[in-house]
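Undergrad: What follows is a single structure, and I will ask about it in a moment.
Number of protein chains: 2
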Amino acid sequence: MKVNAVLVDLGVIGEGGWSYLERICGLMPDLGVIVCTAGATVPQRVRGLRVGADDWINKPCHPEEVIARIEAVARRRRRARAETGMGPLVIGEVEIRVDQYQALVGGSGLDLTRREFELLQLLAENEGRVLDRETIYQRVWGYAMAHGDRSVDVFIRKLRLKLEKRSPGFSYIHTHFGVGYRFAAETSVPEGLTPGDEGLDRAESQTSSAPSARA
Amino acid sequence: MKVNAVLVDLGVIGEGGWSYLERICGLMPDLGVIVCTAGATVPQRVRGLRVGADDWINKPCHPEEVIARIEAVARRRRRARAETGMGPLVIGEVEIRVDQYQALVGGSGLDLTRREFELLQLLAENEGRVLDRETIYQRVWGYAMAHGDRSVDVFIRKLRLKLEKRSPGFSYIHTHFGVGYRFAAETSVPEGLTPGDEGLDRAESQTSSAPSARA
DNA sequence: GCGACTTGTAAAGAGGTTGTGAAAGACGCT
DNA sequence: AGCGTCTTTCACAACCTCTTTACAAGTCGC
C-alpha cells in the first residue's frame, strides 16, 4: 500500500503550523498534501498553497467534500507516478523485488547491503532519468547531504562492481559529469563504432543498443 | 509556452456543464482542470471532483485565492509531466528530455555536457526567437556576462558540431549578426535563398520541417 | 574595396569533478 | 566485550569540462 496523499489538520494555524507544512512539502515532494484549518483567512490560504500544499480546506466543511478532494489529489499523484507498478522492477538483466529486498541479475541473486539495495532501487525506479547526488542522498539516506560528502560516489562504485561482475559487457550506471547518475541497460562497448572517429560526439546511443528492450 | 491548467467557469452548473467537464477531463488527462461555479452544492462539487476536476472553486471567491489555486494545480502538472517525461521538447529531428538530461536526434542519444545541454534547452524553449548573448549567458550561466566573454560563441559551435553531424542537411542554430542566435529546424542549404532577405519578420519562419522536405 | 567590428574556429591550461583503494568508524550480533 | 560486517571518510590519481586566448573568416557601413 502506497500513500498518495495526506490530510493535515492544522486547526487554527500558527507559526508552528507553517514550518511544519513547509517541512512536509519540502521533504516529500511526491506526496499530495491537503491542509485543513479552522477559519484561515484568504491570505493564509494563499500562502499555504504557495508553500506547496495541493489543496486547502476550511472548516467547517462537509465530510463528503473532504473525501472527494482527497481522492482528487490522490488520483493526480497516482497518475504522476503511474509507472510505479506493484510488480518486480525489471531493467535489462536486472530484476528488483522490492518486497523481498532482493535484486537478481540474470535470474540469480545479487548480494547487496541495505544502502546498496536502496540506491539500486532508487536508480531503477527512475530508469533513464538523471538523478543528481543531492536528490539521491536525500531519498536514500533520508536527510540532506553534507557538503563534500562522497558516499554516493562510493556506493555507486560498489554497485557498479557487483553489477558488472555479473553481466559483463553491459553497463547500467552512467555518469553525467557535473550532474549525476543515470540508470539504464546499455551495452558498454557500442559495436560498429571505432573509438577515434567520434570527434566531439561520444555517440552513446540510447535506444538502438538496448539489449533486451523493456517496453 | 505550455498550458498546464485551465480555469473553467461553468456559472450555475447544468447538464451541459457536466458533459462539458467530462469531455475536458477525459480528452486531456494531462491538463489541470479547475472549475469555478456559482453556488454549487456540496454533492455537485463532490461529483465534479470525482469526474476528474483537479480543484473546485465556488463563487464568490477571492481573486488572490483563485490565482494561488491555479498556481498550485499548474505546479503539480508541471512536476508530474517532468517526472513522467510526458512532455519532451521536440523541434524537427531534435528531442529534448529535460528530466533525463538528454537530447536525442533522430531517436538516438546525443551526448552533451551540462552547459551544452542547458544551452540547447534554452534555445529550444525559445524556438524561433532570437536570443542575444547577454540573455543566453544570464540564463544558462546564471550571472551576468563579462565584457569580451566568448563562452557563448564557443558553446554554440560545439552544439552546432554535434547537431549537424547527426542530421546533415539541416541547420538548427542560426546567427543573427550583431544580435544573437535563433534556434529553428530549417534546411541548411535552401538553393536560391539568401539568408537575410526574409524581411522584417524573419522570426516566424517556423517550418514544421518535415525531414524529407529537401527534394 | 577598405576599415572596424563581429563571429567562427582551434587549442591548451586551469580548475573542478569523479574514480579508486584503503583505513577509520559505526553498527549489530553472539 | 569481541567480532565481523557495513558505512563513512580520506587522500590521491585520473579524468572531464569550462574558460581563455589567439587568429582566421565573415559582415556591415562608407
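Which chain is which? The protein sequence lines are R and U, in order. Residue numbering for the first sequence follows my numbering, starting at 1 and increasing by one per position. Residue numbering for the second sequence follows my numbering, starting at 216 and increasing by one per position. Yeah, the Cβ is synthetic: ideal placement off N, Cα and C, and Gly gets one too.
1. What's the call for valine 35 of chain R, buried or exposed, on a 16-neighbour Cβ count within 10 Å?
2. Compile a chain-ordered list of the residues in the segment 316-340 of chain U whose CB is closer than 8 Å to at least one CB of chain R.
3. Applying the 10 Å Cβ sphere with the 16-neighbour rule, what's the burial state of arginine 157 of chain R?
4. According to DSSP, which residues form a beta bridge with glutamate 401 of chain U?
5. Glutamate 308 of chain U lies in the beta strand (DSSP E); which residues open and close that run?
6. Enumerate in chain order the residues of its own chain whose CB-to-CB distance from alanine 255 of chain U is below 7 Å, with the five nearest sequence positions on each side excluded.
7. For the alpha helix (DSSP H) that glycine 263 of chain U lies in, which residues bound it at each end?
8. Okay, do the segment 162-180 of chain R and the segment 96-115 of chain R touch, 3+ Cβ pairs below 8 Å being the bar?
9. So valine 90 of chain R contacts chain U; which residues on that side make the cut at Cβ distance below 8 Å?
10. Using beta carbons (cut-off 8 Å, strictly below), is leucine 21 of chain R in contact with chain U?
11. Who are the near neighbours of alanine 339 of chain U in its chain, counting only those whose CB is closer than 8 Å to its CB and skipping five residues on each side?
12. Around the C-beta of serine 386 of chain U, are 16 or more other C-beta atoms found within 10 angstroms, so that it is buried, or is it exposed?
13. Shortest alpha-carbon distance to arginine 365 of chain U belongs to which of U:Lys377, U:Leu376 and U:Asp347?
14. Does chain R have any CB closer than 8 Å to the CB of arginine 375 of chain U?
15. Give me the Cβ distance between phenylalanine 370 of chain U and glutamate 331 of chain U, rounded to the nearest whole Å; I'm assuming they're in contact under 8 Å.
16. Starting from the Cα of glutamine 44 of chain R, find the closest Cα among R:Arg23, R:Ile70, R:Gly17 and R:Val66 and give me that residue.
17. Under 8 Å Cβ-Cβ, which residues of chain U neighbour glycine 218 of chain R?
18. Would you grab the beta carbon distance between valine 266 of chain U and leucine 236 of chain U for me? Rounded to a whole angstrom, and I think it's under 8 Å.
19. Give the straight-line distance between the Cα atoms of alanine 297 of chain U and leucine 110 of chain R, rounded to the nearest whole angstrom.
20. At a CB-CB cut-off below 7 Å, which residues of chain U make contact with proline 55 of chain R?
21. Going by DSSP in three states, aspartate 153 of chain R sits in which element: helix, strand or coil?
22. Does threonine 194 of chain R come within less than 8 Å of chain U when only Cβ atoms are used?
23. So the candidates are U:Glu349, U:Glu279 and U:Ser234; which of them puts its Cα closest to the Cα of valine 394 of chain U?
24. For valine 35 of chain R, would you say it is in contact with chain U, using Cβ-to-Cβ distances shorter than 8 Å as the test?
25. One question on the structure: do leucine 159 of chain R and valine 140 of chain R come within less than 8 Å of each other, judged by their Cβ atoms?
26. Here's the rule I'm using: 16 or more other beta-carbon atoms within 10 Å means buried, otherwise exposed. How should glycine 11 of chain R be labelled?
27. Work out the CA separation of glutamate 280 of chain U and arginine 238 of chain U for me, nearest whole Å.
28. Along the beta strand (DSSP E) that carries leucine 10 of chain R, what are the first and last residues, could you check?
29. For a quick check, are the C-beta atoms of aspartate 269 of chain U and valine 288 of chain U less than 8 Å apart?
30. Could you check how far apart the C-beta atoms of isoleucine 70 of chain R and alanine 5 of chain R are, in whole angstroms? I think they sit under 8 Å.
31. If you follow the beta strand (DSSP E) that threonine 113 of chain R is in, where does it begin and where does it stop?
32. Could you name the residues that DSSP lists as bridge partners for glycine 247 of chain U?
33. Give me the chain R residues within the contact set of glutamate 310 of chain U, using Cβ-Cβ distance strictly less than 8 Å, ordered along the chain.
34. Tell me whether the beta-carbon of leucine 432 of chain U lies closer than 8 Å to the beta-carbon of isoleucine 351 of chain U.
35. Between asparagine 126 of chain R and the ligand HEM, is the CB less than 7 Å from at least one heavy atom?
36. Roughly how many angstroms separate the alpha carbons of glycine 48 of chain R and threonine 328 of chain U, rounded to a whole number?
TA: A quick look at the data gives this:
1. buried
2. Tyr316, Gln317, Leu319, Gly322, Ser323, Gly324, Leu325, Asp326, Thr328 and Arg329
3. exposed
4. U:Ser386
5. Looking at the DSSP string, glutamate 308 of chain U is not in any beta strand (DSSP E), and its letter there is neither H nor E.
6. Ile228 and Asn273
7. 257-266
8. yes
9. Result: empty, since nearest Cβ-Cβ is about 18 Å, beyond 8 Å.
10. no
11. Leu304, Ile306, Val309, Ile311 and Phe398
12. buried
13. U:Asp347
14. no
15. 6 Å
16. R:Gly17
17. No answer is possible for residue 218 of chain R: the residues shown for chain R start at 1 and end at 215.
18. 6 Å
19. Note that alanine 297 of chain U has pLDDT 48, beneath the 50 cutoff, so the model's placement of it is unreliable and the number below is only indicative. Their Cα atoms are separated by approximately 32 Å.
20. The sequence shown places aspartate at residue 55 of chain R, rather than the proline named in the question. Simply Asp270.
21. helix
22. Residue confidence for threonine 194 of chain R is low, a pLDDT of 38 falling below 50, so the modelled location carries little weight; the figure read from the coordinates is stated next. For threonine 194 of chain R, the answer is no, since every Cβ of chain U falls outside 8 Å of its Cβ.
23. U:Glu349
24. no
25. no
26. exposed
27. 26 Å
28. 5-11
29. yes
30. 6 Å
31. No beta strand (DSSP E) contains threonine 113 of chain R, which DSSP labels as neither H nor E.
32. U:Ala220
33. Within 8 Å Cβ-Cβ: nothing; glutamate 310 of chain U doesn't reach chain R, min ~11 Å.
34. Beyond the ends of chain U as shown, which are 216 and 430, falls residue 432 of chain U; an answer cannot be given.
35. Looking at this structure, you won't find the ligand HEM or any other ligand, since it has none at all.
36. 38 Å
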